[in-house]
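Participant: Encoded as structure tokens, here's the structure I'll be asking about.
Protein chains: 2
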Amino acid sequence: MIDIARVAGVSPMTVSRAFKSEGSVSETTRAAILQAAEDLGYVFDSTASNLRSQRSDFVAVTIPSLNNANFADTVGGLSEGLKARQLQILLGYTNYDILEEERLIEQLLRRRPGAIVVTGGRHTPRARRLLENAGIPVIETWDLPEAPIGHVVGFSNAAAVRGMVDHFVRQGLTRIAFIGGDADRDTRGSDRRAGFVAAMQAQGLAVDRLIAAGPPPISMREGATAMGRLIDTMPDTQAVICVSDLSAFGALTECQRRGLAVPGRYSIAGFGDYDIAAVAVPSLTTINPFSRAIGTKAAALILDVLDGRQDGPALLPITPELLIRESSR
Amino acid sequence: MIDIARVAGVSPMTVSRAFKSEGSVSETTRAAILQAAEDLGYVFDSTASNLRSQRSDFVAVTIPSLNNANFADTVGGLSEGLKARQLQILLGYTNYDILEEERLIEQLLRRRPGAIVVTGGRHTPRARRLLENAGIPVIETWDLPEAPIGHVVGFSNAAAVRGMVDHFVRQGLTRIAFIGGDADRDTRGSDRRAGFVAAMQAQGLAVDRLIAAGPPPISMREGATAMGRLIDTMPDTQAVICVSDLSAFGALTECQRRGLAVPGRYSIAGFGDYDIAAVAVPSLTTINPFSRAIGTKAAALILDVLDGRQDGPALLPITPELLIRESSR
DNA sequence: AGCGGGAATGTTAACGTTCCCCTACTGAAC
DNA sequence: GTTCAGTAGGGGAACGTTAACATTCCCGCT
Numbered sequence: 001m002i003d004i005a006r007v008a009g010v011s012p013m014t015v016s017r018a019f020k021s022e023g024s025v026s027e028t029t030r031a032a033i034l035q036a037a038e039d040l041g042y043v044f045d046s047t048a049s050n051l052r053s054q055r056s057d058f059v060a061v062t063i064p065s066l067n068n069a070n071f072a073d074t075v076g077g078l079s080e081g082l083k084a085r086q087l088q089i090l091l092g093y094t095n096y097d098i099l100e101e102e103r104l105i106e107q108l109l110r111r112r113p114g115a116i117v118v119t120g121g122r123h124t125p126r127a128r129r130l131l132e133n134a135g136i137p138v139i140e141t142w143d144l145p146e147a148p149i150g151h152v153v154g155f156s157n158a159a160a161v162r163g164m165v166d167h168f169v170r171q172g173l174t175r176i177a178f179i180g181g182d183a184d185r186d187t188r189g190s191d192r193r194a195g196f197v198a199a200m201q202a203q204g205l206a207v208d209r210l211i212a213a214g215p216p217p218i219s220m221r222e223g224a225t226a227m228g229r230l231i232d233t234m235p236d237t238q239a240v241i242c243v244s245d246l247s248a249f250g251a252l253t254e255c256q257r258r259g260l261a262v263p264g265r266y267s268i269a270g271f272g273d274y275d276i277a278a279v280a281v282p283s284l285t286t287i288n289p290f291s292r293a294i295g296t297k298a299a300a301l302i303l304d305v306l307d308g309r310q311d312g313p314a315l316l317p318i319t320p321e322l323l324i325r326e327s328s329r
Numbered sequence: 001m002i003d004i005a006r007v008a009g010v011s012p013m014t015v016s017r018a019f020k021s022e023g024s025v026s027e028t029t030r031a032a033i034l035q036a037a038e039d040l041g042y043v044f045d046s047t048a049s050n051l052r053s054q055r056s057d058f059v060a061v062t063i064p065s066l067n068n069a070n071f072a073d074t075v076g077g078l079s080e081g082l083k084a085r086q087l088q089i090l091l092g093y094t095n096y097d098i099l100e101e102e103r104l105i106e107q108l109l110r111r112r113p114g115a116i117v118v119t120g121g122r123h124t125p126r127a128r129r130l131l132e133n134a135g136i137p138v139i140e141t142w143d144l145p146e147a148p149i150g151h152v153v154g155f156s157n158a159a160a161v162r163g164m165v166d167h168f169v170r171q172g173l174t175r176i177a178f179i180g181g182d183a184d185r186d187t188r189g190s191d192r193r194a195g196f197v198a199a200m201q202a203q204g205l206a207v208d209r210l211i212a213a214g215p216p217p218i219s220m221r222e223g224a225t226a227m228g229r230l231i232d233t234m235p236d237t238q239a240v241i242c243v244s245d246l247s248a249f250g251a252l253t254e255c256q257r258r259g260l261a262v263p264g265r266y267s268i269a270g271f272g273d274y275d276i277a278a279v280a281v282p283s284l285t286t287i288n289p290f291s292r293a294i295g296t297k298a299a300a301l302i303l304d305v306l307d308g309r310q311d312g313p314a315l316l317p318i319t320p321e322l323l324i325r326e327s328s329r
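The listed protein sequences correspond, in order, to chains A and B.
Under UniProt numbering, the residue at position 125 of the first sequence is numbered 125, and the numbers go up by one with no gaps.
Under UniProt numbering, the residue at position 92 of the second sequence is numbered 92, and the numbers go up by one with no gaps.
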């Protein structure tokens, strides 16, 4: 900036003002400054700016996995909502591990973000403390935590699955299995499984068809393997709810390989409304969690808090939508 | 740090050393300092550290889309390779738009990253200039640019598709179509299409079955739509190469909905070796671009450059692998 | 006792911005 | 002619850390 100031014949302070598009710089001066900057190949230094102004244009975000369309959609929504303000997303992934999340949160807070968005509502005590003391807006997503740290944008994974169980029961199906959600690490997955168990019990049905699919992320292949085990051990199963659409699609392919009709012999449902659920033949019954809306709502909330339009902690509920498709008709 | 220094009875400089795990701090002092820091709820300020030391622990990365398993794998590989060094990834996505890429690159360079990894080898002149003058290692990936800016980790998209065309020709198929790659914006997609055209001409075959799939990202649904158009207009087509596995799977589902055998009536191939290609029934012939290896190689290269083990610009070629599966047998 | 050397720690200034408080000038109102 | 408000711009210090250099201390050796 000192170099630019020299070339443009002004003080460094004026150069700074020109870049911040503050008022009190005349248009001619500003133009001269921006031209000089371009000529000199100057690139603004956000590091120094953030240090001096004690505020940053970062928003930190933690997600379990990069390679998951649902979370990617949430980040996409966030990114879109924050772009207008020139807020940049600092993304980290936890690999479905709350210990890794703790490390990651500390790393991210070192950058002094202006806000932090985390996936899920379960954290290590230390991570919780870090978030509480960070002095910035904290938003928990994809869950409805019992004791929120700050703001919440999410839904009850358990309640969403209950709706799916009720759907099958209305169709007269009673021997219903659940694939996945066995790993503690995936808290949303195990919440879905717990919701399945509770819903089955509420309907007075036997909960004897829980199939493990291993540690997250649960892929299509693991869904197929789990479905194979289910068919081998409990062939009289009528319907299968999978922890995600990916495993549901895997389960579907296993049926196709064995020549078992879906629907007909087995009804299958997933979770997440991934692209594949709509395109698969048969299309997959699923639950749309409005992943992108979670991101856009979180972004809007961040702007509201930063601008002082939002005072106390906000609770923005999402209502997942049951999508009945060919695989359960 | 001043507060911690007071509590621990040392100077701020010693506190700084304790956090940098430099040698010359006695173990007792270090323990006292870390304890004091924990008690005070101190979180290290990377912003100030980066400003003063004039180096950062950021690596900037641009990818076309968050929601693409191939690029997510590359980022995953990068992330894994850089984690040991505490290097954090600063991710931005360009939405397949080189103008957006230019804006993004400038934004990212403002953070003074230690290196930058970009997807693709085609950039706006200004973006190119920014990268050349950034004074940090630049790595172009997923492509083999004619005039690389710095380092390259990639492969020729055109050459990879040539291998696929040759595979079909060896099977005696001659009426081969290509779906996608019509949008300039997706440079890798259009390179694949150009490779298809060149390979067909080299084989002396007619290039009269190019089906547009619209602007990227090309989804499963668009693959299905394009396949529908192909079947309607040129039903005597024998084989279809799609710009990615997602569109290939979409094409497959369109055949299934119409009761047309794959393989048999139509052979189908994709690109990218996405999970779905292996799991689909029939499994999809595809090309494995070793997405994750691109990331791990780029990460290793960055460390080599930063440590002075790599002098000139490196060219690390990737050799994509043709995977013949059920959809083309 | 005196000296050399290495490990542990301290002091000062600086990284590139921006906050805060000023000054100079212009033009309009009285 | 004086006052006053408003606009454009400047000067100096400070954000929290660390590079560079300086100092202290302890130990072993002659």
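A virtual CB, placed ideally from N, CA and C, is assigned to each residue, including glycine.
Give the interface partners of A:R111 over in chain B, defined as CB-CB distance under 7 Å, in chain order.
Facilitator: Residue mapping note: residue 111 of chain A aligns to position 111 of the first sequence, counting from 1. Residues of chain B passing the Cβ test: S46, T47.
Participant: For the segment 101–112 of chain A and the segment 40–58 of chain B, state whether three or more C-beta atom pairs, one from each stretch, are separated by less than 8 Å.
Facilitator: yes
Participant: Quick one: what's A:T62 bridged to in DSSP?
Facilitator: Locating residue 62 of chain A in the first sequence gives position 62, counting from the first residue. Its beta-bridge partners are A:G92, A:V118.
Participant: If you measure from the beta carbon of A:A261 to each beta carbon in chain B, is any gap under 8 Å?
Facilitator: Taking the first sequence and counting its residues from 1, one reaches residue 261 of chain A at position 261. The Cβ of A:A261 sits no closer than 8 Å to any Cβ of chain B.
Participant: In chain B, which residues lie with their C-beta within 8 Å of the C-beta of A:L90?
Facilitator: As a first step, residue 90 of chain A must be located in the first sequence, where it is residue number 90. Going along chain B in sequence order, the residues near A:L90 (Cβ under 8 Å) are Q88, L90.
Participant: Span of the beta strand (DSSP E) holding B:V169?
Facilitator: Translated into positions along the second sequence, residue 169 of chain B becomes position 169. From DSSP, B:V169 is part of no beta strand (DSSP E) but of the alpha helix (DSSP H) over 157–170.
Participant: For the beta strand (DSSP E) containing A:L144, name the first residue and the last one.
Facilitator: Locating residue 144 of chain A in the first sequence gives position 144, where the first residue counts as 1. Note, A:L144: premise wrong, no beta strand (DSSP E); not H, not E.
Participant: For the structure I just gave you, are there three or more beta carbon pairs, one from the segment 270–285 of chain B and one from the segment 240–259 of chain B, closer than 8 Å?
Facilitator: Counting Cβ pairs under 8 Å, three or more are found: they touch.
Participant: Pull up the DSSP beta-bridge partners for A:I139, would you.
Facilitator: As a first step, residue 139 of chain A must be located in the first sequence, where it is residue number 139. The partner list for A:I139 (beta bridge, DSSP) reads A:V117, A:H151.
Participant: Can you have a look at B:N70 and say buried or exposed, based on whether 16 or more other CB atoms are within 10 angstroms of its CB?
Facilitator: Residue 70 of chain B sits at position 70 when you count from the first residue of the second sequence. Buried is the call here.
Participant: Does the CB of B:Q35 have a neighbour CB from chain A at under 8 Å?
Facilitator: Walking along the second sequence from the start, residue 35 of chain B turns up at place 35. Not an interface residue.
Participant: Check each candidate in A:M220, A:L78, A:F271, A:R265 and name the one with the smallest Cα separation from A:A251.
Facilitator: Your numbering for residue 251 of chain A matches position 251 in the first sequence. With distances taken between Cα atoms, A:A251 lies closest to A:M220.
Participant: Which residues in chain A have a C-beta closer than 7 Å to the C-beta of B:N67? List them in chain order.
Facilitator: Counting from one through the second sequence, the residue named residue 67 of chain B turns up at place 67. Result: A69, A72, D73, G76.
Participant: Just to confirm, are A:P235 and A:S328 a CB contact at a threshold of 8 Å?
Facilitator: Here residue 235 of chain A refers to the residue found at position 235 when the first sequence is read from its first residue. Here residue 328 of chain A refers to the residue found at position 328 when the first sequence is read from its first residue. For A:P235 and A:S328, no; Cβs fall outside 8 Å.
Participant: Shorter than 8 Å from the beta carbon of A:G41 to some beta carbon of chain B?
Facilitator: One-based indexing of the first sequence puts residue 41 of chain A at position 41. Closer than 8 Å: yes.
Participant: Between the C-alpha atoms of A:P113 and A:T225, what's the straight-line distance to the nearest angstrom?
Facilitator: Locating residue 113 of chain A in the first sequence gives position 113, counting from the first residue. Locating residue 225 of chain A in the first sequence gives position 225, counting from the first residue. Approximately 42 Å, taken between the alpha carbons.
Participant: DSSP three-state call for B:V279: helix, strand or coil?
Facilitator: On the second sequence, position 279 is the one that residue 279 of chain B refers to. Three-state DSSP puts B:V279 in a helix.
Participant: For the segment 56–64 of chain B and the segment 90–101 of chain B, state whether three or more C-beta atom pairs, one from each stretch, are separated by less than 8 Å.
Facilitator: Segments in contact, yes.
Participant: If you compare alpha carbons, which of B:D57, B:G121, B:R258, B:T124 is closest to B:A115?
Facilitator: Position 115 of the second sequence, counted from the start, is the residue given in the question as residue 115 of chain B. Per the Cα distances, B:D57.
Participant: Scan the segment 215–250 of chain B and note each continuous beta strand (DSSP E) run of 3 residues or more that stays entirely inside, going in chain order.
Facilitator: 239–242
Participant: Measure from the C-beta of B:A224 to each C-beta in chain A and report whether the shortest distance is under 8 Å.
Facilitator: Residue numbering aside, residue 224 of chain B sits at position 224 when the second sequence is read from its first letter. Answer yes: the Cβ-Cβ gap between B:A224 and chain A drops below 8 Å somewhere.
Participant: Measuring straight from C-alpha to C-alpha, what distance separates A:P282 and B:F249?
Facilitator: As a working mapping, residue 282 of chain A is identified with position 282 in the first sequence. As a working mapping, residue 249 of chain B is identified with position 249 in the second sequence. Counting only the Cα atoms, B:F249 lies some 13 Å from A:P282.
Participant: Keeping to the same chain, check which residues put their C-beta closer than 8 Å to that of B:P325; ignore five residues upstream and five downstream.
Facilitator: Counting from 1 along the second sequence, the entry for residue 325 of chain B is found at position 325. For clarity, residue 325 of chain B is Arg in the given sequence; the question names Pro instead. A277, A278, P282, S283, L284, T285, T286, listed in sequence order.
Participant: With DSSP as the reference, label B:P317 as helix, strand or coil.
Facilitator: Taking the second sequence and counting its residues from 1, the one referred to as residue 317 of chain B is at position 317. Three-state DSSP puts B:P317 in a strand.
Participant: Determine which residues share a DSSP beta bridge with B:T285 and list them.
Facilitator: Start at 1 with the first residue of the second sequence, and residue 285 of chain B comes out as number 285. Answer is B:A269, bridged to B:T285.
Participant: B:S53 versus chain A: which residues are under 7 Å apart at the beta carbon?
Facilitator: Position 53 of the second sequence, counted from the first residue, corresponds to residue 53 of chain B. In chain order: nothing, as chain A lies at least about 10 Å away.
Participant: Quick check: does the Cβ of B:S56 come within less than 7 Å of any heavy atom belonging to the ligand GDP?
Facilitator: As presented, the structure is devoid of all ligands, the ligand GDP included, so that no description of it is given.
Participant: Could you tell me the distance, in whole angstroms, from the CA atom of A:D186 to the CA atom of B:L66?
Facilitator: Against the first sequence, residue 186 of chain A aligns to sequence position 186. Against the second sequence, residue 66 of chain B aligns to sequence position 66. So the two alpha carbons sit approximately 22 Å from each other.
Participant: Out of A:R129, A:A32, A:K20, A:L99, point me to the one whose CA is closest to A:Q86's CA.
Facilitator: On the first sequence, position 86 is the one that residue 86 of chain A refers to. For A:Q86, the closest C-alpha among the options A:R129, A:A32, A:K20, A:L99 is that of A:K20.
Participant: Does the Cβ-Cβ distance between A:G181 and A:R170 come in under 8 Å?
Facilitator: In the first sequence, residue 181 of chain A corresponds to position 181, counting from 1. In the first sequence, residue 170 of chain A corresponds to position 170, counting from 1. Not a contact, by the Cβ cut-off of 8 Å.
Participant: Which of helix, strand or coil does DSSP assign to A:F290?
Facilitator: Counted from its first residue, the first sequence places residue 290 of chain A at position 290. A:F290 falls in the coil class under three-state DSSP.
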